[in-house]
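Colleague: Sending over a structure as structure tokens; questions will come in a sec.
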Amino acid sequence: MKRTTVFVDEALLRRFQAHARRHGMTFAGAVREALRAYLATAQASPGRLPAVAGRFASGRSDVAERADELLWQEPHR
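Just add 94 to wherever you are in the sequence shown, counting from 1, and you've got this note's numbering.
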């Protein structure tokens, strides 16, 4: 294992230390678990747009300006 230093604000540090104690974990063990959980979530949803995004052109140039109006109008059938 590799030792590292992380800077966090005091309130976050206290909350995390309390979390580790409540779960019977060492601080380092809780950090490792939190990092694993974060990375598993980040890999499951990488935050990228779906591949289909941007593939369909509406032919309209005012879509961004009228986003709310267009999103809330009745669907065309």
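The C-beta atom is built at its ideal place from N, Cα and C for all residues, glycine as well.
Computed from a prediction, not measured in an experiment: that's the story for all the values here.
Could you check the C-alpha separation between Arg-97 and His-117 for me, to the nearest Å?
Modeller: 22 Å
Colleague: In angstroms with no decimal places, state the Cα-to-Cα distance between Glu-104 and Ala-147.
Modeller: Each residue's alpha carbon lies about 41 Å from the other.
Colleague: Could you tell me the boundaries of the alpha helix (DSSP H) in which Asp-103 lies?
Modeller: If you look at Asp-103, you'll find it isn't in any alpha helix (DSSP H); DSSP assigns it neither H nor E.
Colleague: How about Phe-110 and Ala-128: do their beta carbons lie closer than 9 Å?
Modeller: yes
Colleague: Out of Arg-115, Val-125 and Met-119, which one is the CA nearest neighbour of Val-102?
Modeller: Val-125
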